[in-house]
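As they're listed, the protein sequences go chains A and B.
Under this note's numbering, think of the first position of the first sequence as 1, with each following residue one higher.
Under this note's numbering, think of the first position of the second sequence as 1001, with each following residue one higher.
Read through the structure below, which is laid out as structure tokens, and then see the notes.
Number of protein chains: 2
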Amino acid sequence: MSLAGKEFESLKPFFEPKSIALIGASNNPGKPSGRPLHALINKGYKGKIYPVNPKYDSIFGIKCYPHLADIPGPVDLAVISVPAAGVYDALEQCVEKGIKAAVIFSSGFAETGPEGRLAQARITELARNSGLRLCGPNCLGVVNTRNGVMASFAFIVDIPDVDPRTVGFVTQSGAFGALIYAQALYSGVGLNYFVSVGNEADLEFADFLGYMAQDNNTRVLGGYLEGAKDGPKLRRVAEVAARLGKPIMIMKVGRSSAGARAASSHTGSLAGEDRIYDAFFKQTGIIRIDGPEELIAFVPMILAGRLPKGRNTALLTVSGGAGVTLADLSERLGLIISPLSESARSKMKAALPFFASAQNPIDLTSQYVTNPEMLVACFNALLEEDNIDIILGNFDLREPYGVEIARQVIDIYRSTDKTIVVCPWVFPGQDEGDGVRELRRAGVPVLLDTAQAVRALAHLVDYADFLRKRKSEEYRVPSISIQNYDSIRDLIKGKGTLSEGESKSLLAKFGIPVTRGGLAGSADEAVELARQIGYPVALKVDSPDIPHKTEAGAVFLNLASADEVRKAYAAILQNAGDYKPDARINGVLVQEMLPEGIEVIIGVTKDPVFGPTIMFGLGGIFVEVLKDVSFRVAPLSRGDALDMIKEIKGYQVLKGVRGRPPADIEALTSVIMKISTLATALKDQVKELDINPLVVYPEGKGVKVADAMVVIKE
Amino acid sequence: MSLAGKEFESLKPFFEPKSIALIGASNNPGKPSGRPLHALINKGYKGKIYPVNPKYDSIFGIKCYPHLADIPGPVDLAVISVPAAGVYDALEQCVEKGIKAAVIFSSGFAETGPEGRLAQARITELARNSGLRLCGPNCLGVVNTRNGVMASFAFIVDIPDVDPRTVGFVTQSGAFGALIYAQALYSGVGLNYFVSVGNEADLEFADFLGYMAQDNNTRVLGGYLEGAKDGPKLRRVAEVAARLGKPIMIMKVGRSSAGARAASSHTGSLAGEDRIYDAFFKQTGIIRIDGPEELIAFVPMILAGRLPKGRNTALLTVSGGAGVTLADLSERLGLIISPLSESARSKMKAALPFFASAQNPIDLTSQYVTNPEMLVACFNALLEEDNIDIILGNFDLREPYGVEIARQVIDIYRSTDKTIVVCPWVFPGQDEGDGVRELRRAGVPVLLDTAQAVRALAHLVDYADFLRKRKSEEYRVPSISIQNYDSIRDLIKGKGTLSEGESKSLLAKFGIPVTRGGLAGSADEAVELARQIGYPVALKVDSPDIPHKTEAGAVFLNLASADEVRKAYAAILQNAGDYKPDARINGVLVQEMLPEGIEVIIGVTKDPVFGPTIMFGLGGIFVEVLKDVSFRVAPLSRGDALDMIKEIKGYQVLKGVRGRPPADIEALTSVIMKISTLATALKDQVKELDINPLVVYPEGKGVKVADAMVVIKE
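Below you can see the structure in the form of structure tokens.
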């Protein structure tokens, strides 16, 4: 899976236009029609600016053109703020003028109902036919802070920019996206690009993220997402970002039913199942966040350029209580507050007062106030600890000793490659002080909110983990190729629901172990099959129309003799006929009786966003009562398959409980991988697949499909 | 359960002293010995101040006494900042002088090791014998902002106070408690009392909380807790606070293993099991918080005096994205984002632009900027909705329209008794604006952090729920009285582990249904019992020394004839003897065979903090793999018992899955209540109790104890 270098090249005119036409421009800098023009001038945009409006000769001292066609030179980008009714016409003029990109602010399209959807479909078609790329409609537009392209009417165009500008941000909510933008800037985190995608009539969330991923100025990608349109495209973008080591943080909303309902009514898009987003994000290394604070705290950590080698964290505090609180939160978020070596502890003890704690978390106590050099001694002891990857310092940097301590911390920071973050005590509304400012200037990550600092560290550790895993063989997604495609196609061609026998045949073609047995067309054939298999055997009707075979009285187990087989054969046909007179009956399956094992379920569904998606869970109450299942989007790596298995609570059962031996995880993983191959190779044919159950035997003893049902697209 | 009105009266001198002696006072206002004196003067304390130190004639212009005995008048409170070695001596002088209360700052006691523990035990004994009450040692002391009692050396004594002062705060961590104090004040939340309890040599966390609960100036109680010393006392305090409608918010740390380890090393106290704290807090209405932000956000909500009638919440936003995000968080925290009536929606639609959303969450869209009156129309429509208890408004109140809108919101607020909170857009470091200030002045709750606002609402709803439940019959804890105490005492007297037969006899005395049957001393007796019970029967060895009867080969099930009973009888005696030759064997239990049902487990353990604690869970994997159990501290109300049952994930199974009928929850609840009675009445005798399993039958069919084991304190 790779991203064509040119996939997002057509977006360049949105970000690097040499000239911009503002169609429907006005002289009111508070209105959508006037704000972009005002901001372009204000932010020093160096390209050509062409307001277009027959009502004005000039706006803010810039010549205004009555029509687009009147503009003398070429135009790269059009910004359209005319009412919805005039948009199509404006776009046609853009095409005529040879413009390559247009931002459409106007509301009144798909978000308003059937008529609006129709109007939107027309502009989508125009874009597809002409090659004119669109951002919007119903959007706040595009901002590039690096060159003053303020093709937006959001209030954010008036906010002073902040350096360094390293974040690219894409949002499906205009107003909320603008809030996030403002919050980031006022928190000292600079953005270079901002795009509000609106209704996504042409270009969508993933397109803009893809453009930014390949952009050299962008180090971190952020997004606010209600529902992706094209899951595989987003996966390609995530892959490019991972290759370039650029983290993607997405605030995906709609977790709750009310949230999902609101998101879907807000964008009119299909939200998809939230749990599948979770799985997809894990799989692709996208960091899921709950709010902008997490992005804002993460940026200084990633810009510091120190990915932690592990999750072992030392907490260096001046209060026992702060240490305990931070330890709780750290462990909840997956960091490890590891014990320190005897050597480190004795070095610290030598520097600390007798009532301080040289454990981890380290508590310097309030004596730090009178003897701040203790901090330096403890820092130095921690630097020598191989087992410590991360140091979080939470202490007071106010005067009289703030600047002095800060300078020593800077020296410490420069002498190590461990991940360090400092959380100084700064109270709401109080000045952070010169010591803190000195740290910031020297590039030491400083975060005032300790909880967000821990969260940022947890994200950083997870991201570093993901990058390491990504490079391992285990997490390489194998290329999908199947040898016997023709015979497979023949098997499923034109079928709807496959019978158990047909489903198992299909699984067997992918190398998945199924029960031994065969299809009998007569009692004699059944007896002969039973003889070959060996008694006892099971008999079941084979019919695509009777999925609930037991309910139909069409399953007989533990048949021990030819006589019993004959009787069962007759009874099955009788019962099946009574149960559903018009059922198509292929015959009667004669199968080996499976010994007991752990029953698991493997399923494939077609997610509307992500396509074929694999589900895994334990049978019985785990699935029925606890909904204890895991998902991954196909195709999977072996590591993904193992992660799915380990992720469910029922994994304990597979590992062996009550003295039972561990299950054959290897064989189970292999089946999941084969299902991934099947689901990927046949993604256009298979609508649904359920193995229920797959029986898993102890280590080395394999697995076997006991029952299965596949539904083929007709 | 009631709190003696005088239980905490002896603490009054800490908060309302007419005179304070500062033993070991110095003239350095930056040191523990000098800061309180300096702060007493600075904060205008009106009582008499007596510095005691032979080195000075006067400090800060106040006469200094060489010895305590030299002080002419009576002294209410002593503040001791001499080194640990001098503390005992100082306390003896306090007793001699007739002082009633002492704050001990000095470190060097239980927190430092065996020697320190010994020194601390001595001062505890002195306190117990003399009636002198102690706060500390190793503490930051006591603050009363209402009268300038600054018996603390924390930096907080120098922070300007904030009105209204309504919060009483007690902390087991000095430095961290001071941080919380400072954060609250700088966030505009005023405290009246602050106590750092230190090592709790005499008075403890719950004592100070109890004092504040009864104090008229205190509306909200807050605490930082690492481990309670006396669970029942804390329960009494919670009961008083609930009766007075004063919420208690406790930041209980030590959830994680590292956190618990650190907490225990920090205070040297036994942390107890965190899950039992959770249960205890639910039971007593104590609101558990993760950080001071939650307390800070909650205070304005509770001071507004509007407890919501339910959890139906309307979100009034100016951004679809903000609405979705708030809806997600609200539902996650237990609020309900309920659909609106057709009438409300049409009223809103009339005021809103066509592309806005009149659903809940309501999205005014960016048109709000040009037409802010829409907000008022929507607010008014919501006020008429009976189904809406809470309105959270999240909008921009900046000029030019901020003040105007704020005034209208104030009118709306005054016209309703619904719970309302406004979360205006204010960016980090930016002025909140006149509109917001106007809201605050009018008493409208304003919270800048939307996530904390939702959290505060969730706490408020839970608290209102708790207060309602508390008043209902269902949640009244019955008084415990048992009729047949003598026969019960005879049954368990001098025993250690009870056999199954003895355990069931004990349970039966509390009215708990156990298997029918009896103890046989011979094969003939066994056959006779079987005849009386009716075949089939089960036979088991009855021995306190063989808890694992099946493993010993000493259980025979489904015996259908006298012959089988005789054979089983002989085999049980044989096998039990082989398994454990020295086991005490009471005989062989002959019992009815129980039909299948849902197996649950009920246990009693003695928690070191809370005393007898009931555990409930489903048998099998629910307990063994998923640890899916609930706890409550005895004694329980019926409502508590029902809550325990409903709280576990396995409750689904009891409600009936796969077409099975619902279980007899009524009978199950009744058994849990009887176990609560047993555990409370015999709290000094019963060390441990396990019913495993109790078989629960369908509704109306009751329950029965299949096996049980009770351990009596010897």
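In this text, a Cβ means the ideal position worked out from N, Cα and C, and glycines have one as well.
Only a predicted model underlies this, so the values are computations on that prediction, with no experimental measurement involved.
Residue-level contact by beta carbon holds for Val324/A and chain B, with a gap shorter than 7 Å.
Taking a cut-off of 8 Å on C-beta distances, the stretch 671-681 of chain A does not touch the stretch 579-586 of chain A, as fewer than three cross pairs fall below it.
Under the Cβ criterion (8 Å, minimum of three pairs), the stretch 182-197 of chain A counts as touching the stretch 208-220 of chain A. Contact between the stretch 1018-1037 of chain B and the stretch 571-583 of chain A is not established, with fewer than three Cβ pairs separated by less than 8 Å. Note on Lys1252/B: 16 or more other CB atoms within 10 angstroms of its CB, so buried under the neighbour-count rule. Residue burial is scored here from C-beta neighbours: Asp643/A has at least 16 other C-beta atoms within 10 angstroms and is therefore classed as buried. Contacts between Glu1624/B and chain A, judged by CB atoms closer than 9 Å, involve Gln652, Val657 and Arg658 in chain order. Secondary structure within the stretch 1499-1535 of chain B: the alpha helix (DSSP H) runs of 4 or more consecutive residues, fully enclosed, are 1500-1509 and 1523-1533 (chain order). Listed along chain A are Gly321, Val324, Thr325, Ala327 and Asp328, each with a C-beta nearer than 9 Å to that of Val1253/B. Considering only beta carbons, the part of the stretch 1102-1120 of chain B lying closer than 8 Å to chain A consists of Ser1107, Gly1108, Glu1111 and Thr1112, in chain order. Neighbours of Gly1034/B in chain A, taken as residues at a C-beta separation under 7 Å, are lacking, since the least C-beta distance is about 13 Å. Around the beta carbon of Asp1363/B, a 10 Å sphere encloses 16 or more other beta carbons of the protein chains shown; the residue is thus reported as buried. Per DSSP, the unbroken alpha helix (DSSP H) holding Cys1094/B starts and ends at Ala1084 to Lys1097. Proximity to Gly1433/B across Ala1708/B, Leu1397/B and Pro1661/B peaks at Leu1397/B, based on C-alpha coordinates. Beta-bridge pairing by DSSP links Glu599/A to Val695/A. Less than 7 Å divides the Cβ of Lys1649/B from the Cβ of Asp1628/B. Separation of Val703/A and Leu519/A (C-alpha to C-alpha, rounded to the nearest whole angstrom) is 22 Å. For the stretch 1214-1247 of chain B, the set of positions with a beta-carbon nearer than 7 Å to some beta-carbon of chain A reads Tyr1224 and Glu1226 in chain order.
Relative to the Cα of Gly402/A, the nearest Cα in the group Glu373/A, Leu559/A and Ile391/A belongs to Glu373/A. Residue pairing from DSSP leaves Leu460/A without any beta-bridge partner.
The beta strand (DSSP E) runs of length 3 or more contained entirely in the stretch 303-358 of chain A are, from start to end of the chain, 313-317.
Out of Gly1086/B, Pro1300/B, Leu1539/B and Pro1137/B, the CA that lies nearest to the CA of Gln1591/B is found in Leu1539/B. A direct Cα-Cα distance of roughly 18 Å separates Ser503/A from Gly521/A. Within chain A, the residues placing a beta-carbon under 8 Å from that of Lys1649/B are Val625 and Leu626, ordered along the chain.
Residue state for Ser1081/B is assigned as coil, using DSSP reduced to three classes.
Apart from the 5 residues on each side of it in sequence, Lys48/A sits with its Cβ closer than 6 Å to the Cβ of Ser19 in its chain, given in chain order. Contact annotation, Phe1556/B with Ala1571/B: C-beta distance approximately 7 Å; criterion of less than 8 Å satisfied. Using a CB distance cut-off of 7 Å, Tyr1186/B counts as an interface residue toward chain A. Remark: C-beta atoms of Ala708/A and Ser676/A do not approach each other more closely than 7 Å. Between Pro1361/B and chain A, the shortest Cβ-Cβ separation is below 7 Å. Counting other Cβ atoms within 10 Å of its Cβ, Phe1176/B reaches 16 or more and is therefore classed as buried. Taking the CA atoms as reference points, Leu1126/B sits about 13 Å from Leu1118/B. Around Pro1300/B, the same chain offers Pro1445 as residues with beta carbons nearer than 6 Å, after the five sequence neighbours per side are excluded.
Here DSSP, grouped into helix, strand and coil, assigns Glu1592/B to strand. Leaving aside the five residues that flank Asp274/A on each side, the residues in its chain whose CB is nearer than 8 Å to its CB run, in chain order, Lys252, Gly254, Arg255 and Ala260. Between Leu1506/B and Ile1492/B, the beta carbon gap of about 6 Å places them in contact (Cβ cut-off 8 Å).
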